[in-house]
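Chains as they are written, first to last, in our numbering: chain A, 7 to 458; chain B, 7 to 458.
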């Protein structure tokens, strides 16, 4: 019975077969000069910005990559690989450089969020994992920030582990949601591994296992007098609120943490619940809402005055329901000192090793400019930083709280029309004059060659 | 730097915090009688059936569950758990029973696909992981079968690893797609771990790294004379087909495996490519299409006569783009011998330990009937089987190929109106008279209690 867990010692095979067959061709043909690949996101209709995330895992991957004897034995068994190449893989390590935009930073379509510069075989083999490891965190951190942007300081908790696409997605969602401004997660392992605050309430099954609601509430409060969020909608929500109040009073507490409503008309129910709680002397008890929550519902409910203090956001966050995948790519832009460009179709690539400069006006984001790597832009802040040099990590990672703060600050500097969750405005980076000129030259050369 | 890998030794904490806080309450209150929980799927608008998958991993989880000293130390550090309960967790094992529908079987909404019968604490703690581990495999196996149902015997390959939500989703997608009728995957680790056939072609970067297409093709063919699928759309697709032919001829081969088209008008391009390949004597060379493929596009292209022999299906398969999550639940249906039912809202639950009987007419699926566990139905095949008894696995797992065959056979027995990918007909199981009567009794009892 194989679970299929991915770990440090088998992740090197978590790649598309063609990465390895192409690598063997490169190896046999001696094509292993320096290549530069860009990871970037293509425009998406319903996102004006993205929050960068997932980088730390990419760096872990690149600096731990190796093929075990078991890996090599499997590759041999496919009949596709020769002994010489398998021997080469035996000592394979990533020896290149990685430039990247910091986690938490706002990024836009067409920008090289990650740029890898390495011998061709190394840069190629890592493609699949790099895309896999960046896409979902960016999706979730962005979705989270959209919720944060309309939550007006109310508490946002990731409740999505059960509906994430597998175990790793559950971990990444918790981490990425936290980066995107969430206060914490229900995922205990994410709490342990990443130091994210963990939150929890109770399930309907807990109520149903008792003979009645009051008994269930009392049992919970008795064990967690300071930490009980009582779930009130198992039978009838308003009756549930009264039962919560009754249970707290019968136990003899002056205050309790709050209630959760998981279904029904959240606007009406939260208003009635607030009234009851206030009238009964529990002004500090919070109201948490959950069940199909997303940024649109949070905005609407708060706009209409729902007295909701916090949100359990699950499914729609962790699968990024209105945008379940990014149109993102990892493309060759330079090989052996030669700029490389894909002309076919509309999916053109941007050649050259590059830098991104961010320009602000009066403290507000104005534009990003993409340049050749060695250009500079006055008053522009370079976004791409060196994280791996010759295979070695060269940059300390900030604590996750600092990444979260960076994300919030980076978001806050956006102009209002980009912050709006219904905004469809697309920000694309400008190209520097120098890079534009050089692209024109390449186009001419390409057209000439085609005419022959 | 923490990657956050999930493995056998830390998966017990991959759960929602409330599972553990509720468990502590149960523990302290001595509420650990037998509970029965159902995992089931609620109706989805754009799915008429589901293919069951993910069960093997659930069984692995349940039979390996344990808390390590590190886990317990983390739980202690949260301040939420008392020493006595942590000591209990130290020796915690799953000692219950698991009944489930076999992997590969067609299932319908509201059916208990998995039924867990265990002491309350054990049955509760496993909730989050069980849902997480079943949902995504069912989504992908179902999406795969939809593609299989319209592919008319053409080859279907999972190309989705890079766009899956994390590493585990990439593994589960490959396995589930194979169950759902795919021929294989590009995911090498899935090939190794699950014995799934692996496939691969080449990337645009491979072409771009060479000075021209012909050189790139020749280098690849030279290393893989029998295994080259040449990617022809980097510059101009039709020119690419001619270059492929030229490269093969210059190398001196009589045949080659085929070409891949990843963009553009796949109908026109595949027709032209077929013409050229046939004319040039390469009648056996296949045409593989990729790029934004889903079951709707496969159907349309084949309906219109596109001579496409195989499909690389990626993103839309692995994230199940038109249904990125299941509305699924894990609900208490019996506790301590007492049937349990949630009445609030429309999300009612079905009380009692149950069995599902499948009834065929003339070899075609007719209906499913849900009964009490000890009822029987004439000519009905019981779907729920015992997989874990008192914590021990009691059923051999069939090879994955057999699960795939079961899925295909189970699908083939559906009536045509359910097989249609645009069908919106919902099949819901019937309830046996006995279970209906008993639900009515419970309702009466509940209403009486409410009137008091």
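Yeah, the Cβ is synthetic: ideal placement off N, Cα and C, and Gly gets one too.
Keep in mind it's a predicted model, so treat the numbers as computed, not measured.
For chain B, is any of its Cβ atoms less than 8 angstroms away from the one on residue i?
| i | result |
| --- | --- |
| residue 360(A) | no |
| residue 68(A) | no |
| residue 40(A) | no |
| residue 8(A) | yes |
| residue 101(A) | no |
| residue 63(A) | yes |
| residue 174(A) | yes |
| residue 346(A) | yes |
| residue 276(A) | no |
| residue 210(A) | yes |
| residue 130(A) | yes |
Going by the CB atoms, is the gap between residue j and residue i shorter than 8 angstroms?
| i | j | result |
| --- | --- | --- |
| residue 17(A) | residue 135(A) | yes |
| residue 325(A) | residue 174(B) | no |
| residue 69(A) | residue 316(A) | no |
| residue 172(A) | residue 193(B) | no |
| residue 337(B) | residue 348(B) | yes |
| residue 294(A) | residue 240(A) | no |
| residue 130(A) | residue 28(A) | yes |
| residue 224(B) | residue 179(B) | no |
| residue 50(B) | residue 332(B) | yes |
| residue 67(A) | residue 112(A) | no |
| residue 197(B) | residue 154(B) | no |
| residue 45(B) | residue 120(B) | yes |
| residue 365(A) | residue 383(A) | yes |
| residue 167(A) | residue 189(A) | no |
| residue 377(A) | residue 393(A) | no |
| residue 144(B) | residue 227(B) | no |
| residue 251(A) | residue 202(A) | no |
Can you pull the chain A residues whose beta carbon is under 7 angstroms from the beta carbon of residue i, in chain order?
| i | result |
| --- | --- |
| residue 330(B) | 325, 327 and 330 |
| residue 229(B) | 30, 31 and 34 |
| residue 204(B) | 23 and 84 |
Would you say residue i faces chain A, with C-beta separation under 8 angstroms as the test?
| i | result |
| --- | --- |
| residue 45(B) | no |
| residue 254(B) | no |
| residue 90(B) | no |
| residue 247(B) | no |
| residue 74(B) | no |
| residue 98(B) | no |
| residue 105(B) | no |
Report the residue from the options whose alpha carbon sits nearest the alpha carbon of residue i.
| i | options | result |
| --- | --- | --- |
| residue 94(B) | 47(B), 376(B) and 31(B) | 31(B) |
| residue 108(A) | 359(A), 422(A), 372(A) and 415(A) | 415(A) |
| residue 200(B) | 110(B), 184(B), 212(B) and 321(B) | 184(B) |
| residue 71(A) | 301(A), 399(A) and 436(A) | 399(A) |
| residue 406(A) | 25(A), 63(A), 80(A) and 210(A) | 63(A) |
| residue 433(A) | 412(A), 420(A) and 333(A) | 420(A) |
| residue 345(B) | 379(B), 365(B), 313(B) and 374(B) | 379(B) |
| residue 329(A) | 146(A), 59(A) and 105(A) | 146(A) |
| residue 343(B) | 214(A), 448(A), 388(A) and 219(A) | 214(A) |
| residue 117(A) | 366(A), 368(A), 339(A) and 41(A) | 339(A) |
| residue 238(A) | 290(A), 124(A) and 276(A) | 276(A) |
| residue 291(A) | 259(A), 272(A) and 311(A) | 259(A) |
| residue 77(B) | 19(B), 39(B), 106(B) and 216(B) | 19(B) |
| residue 303(A) | 289(A), 368(A) and 319(A) | 319(A) |
| residue 270(A) | 249(A), 394(A) and 296(A) | 296(A) |
| residue 221(B) | 170(A), 35(A) and 441(A) | 35(A) |
Name the chain B residues that come within less than 7 angstroms of residue i, Cβ to Cβ?
| i | result |
| --- | --- |
| residue 220(A) | Within chain B, no residue comes near residue 220(A); the closest Cβ sits about 12 angstroms away, beyond 7 angstroms. |
| residue 141(A) | 169 |
| residue 199(A) | 8 and 10 |
| residue 403(A) | 7 |
Closer than 9 angstroms by beta-carbon distance: list the chain A residues that pair up with residue i, in chain order.
| i | result |
| --- | --- |
| residue 407(B) | Those do not exist, as residue 407(B) stays about 14 angstroms from chain A at its closest Cβ, beyond 9 angstroms. |
For a contact meaning CB atoms closer than 8 angstroms, what does residue i contact in chain A?
| i | result |
| --- | --- |
| residue 137(B) | 168 and 169 |
| residue 13(B) | 11 and 13 |
Would you list the one or two residues that DSSP bridges to residue i?
| i | result |
| --- | --- |
| residue 377(B) | 361(B) |
| residue 293(A) | 265(A) |
| residue 32(A) | Answer is none; residue 32(A) lacks a bridge partner. |
Could you tell me which chain B residues have their CB closer than 8 angstroms to the CB of residue i, listed as they occur along the chain?
| i | result |
| --- | --- |
| residue 391(A) | By Cβ distance, chain B contributes nothing, its closest Cβ being about 16 angstroms from residue 391(A), past 8 angstroms. |
| residue 120(A) | The contacting residues do not exist; residue 120(A) stays about 14 angstroms from chain B at best. |
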